[in-house]
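Below is one structure, written out as structure tokens; comments come after it.
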Amino acid sequence: TFEDWTPGPPAYRLIVSAQAFHWIDWGVALPKSAAVLPPGGMLACFAHVPEPPPAPFLGVFEPIYGRLAPELWVDPPERWYWPNGAFAHGLAASGLFEPAEHRVYPATRTYSAQGFVDYLRTRSDYRALGPERLDALLVAVAEAVRDGGGTIEMDMPAHLHMARRL
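First residue of the sequence shown? That's 1 in the numbering used here, and the numbers climb one at a time after it.
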């Protein structure tokens, strides 16, 4: 794991993390990243951050999640990458990096009912529910998507933060 890795001297000009940096212990992630970057080296982290479901699915999903998985009816774990999220604040507070430059790249994905639940099944926050709760939730979500026309279009912009090592 990144946490168990022992960094050597500065050897990289760029570190890139996709969909993963928010899972690393914050007290380890930035110091280890800084340790292998020379001054001016770049840390770039990005993630797709799902937006809330579109209407009318928002109103249909809310009671389903309220009944089966209320802890998932909050901001996603990837909120860390929002412009004013933990990533930007943590970089600024670390004293190791310049303020991050933030960019957003719009992305929309259209899913069938089965494709949407297949995607949800890959998410670690969903997998943490355990198999029985996850299956019950995904059956209800798939049914709602089928009843709502058979597809769902989700906005999932990619948020990119880039910061230079001081």
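Note that the Cβ used here is the ideal one computed from N, Cα and C, for glycine as well.
Please read all numbers here as calculations on a predicted model, not as lab measurements.
(request) For the region 99-111 and the region 155-163, state whether three or more C-beta atom pairs, one from each stretch, are separated by less than 8 Å. (result) yes
(message) Can you find the residues in the same chain that come closer than 8 Å, C-beta to C-beta, to residue 53, ignoring five residues on each side of it along the sequence?
(response) 61, 152 and 154
(request) Can you tell me which of 23, 35, 31 and 157 puts its alpha carbon nearest to the alpha carbon of residue 10? (result) 35
(request) Could you please give the first and the last residue of the uninterrupted alpha helix (DSSP H) stretch that includes residue 6? (result) No alpha helix (DSSP H) holds residue 6; DSSP gives it neither H nor E.
(message) Please state whether the Cβ-Cβ distance between residue 105 and residue 157 is less than 8 Å.
(response) yes
(message) Using only CA atoms, which one of 111, 29 and 125 lies nearest to residue 75?
(response) Looking only at 111, 29 and 125, the smallest Cα-Cα distance to residue 75 is reached by 125.
(request) Taking the CB atoms as reference points, tell me whether residue 140 and residue 58 lie closer together than 8 Å. (result) no
(request) Just the C-alpha distance for residue 144 and residue 18, rounded to the nearest angstrom, thanks. (result) 31 Å
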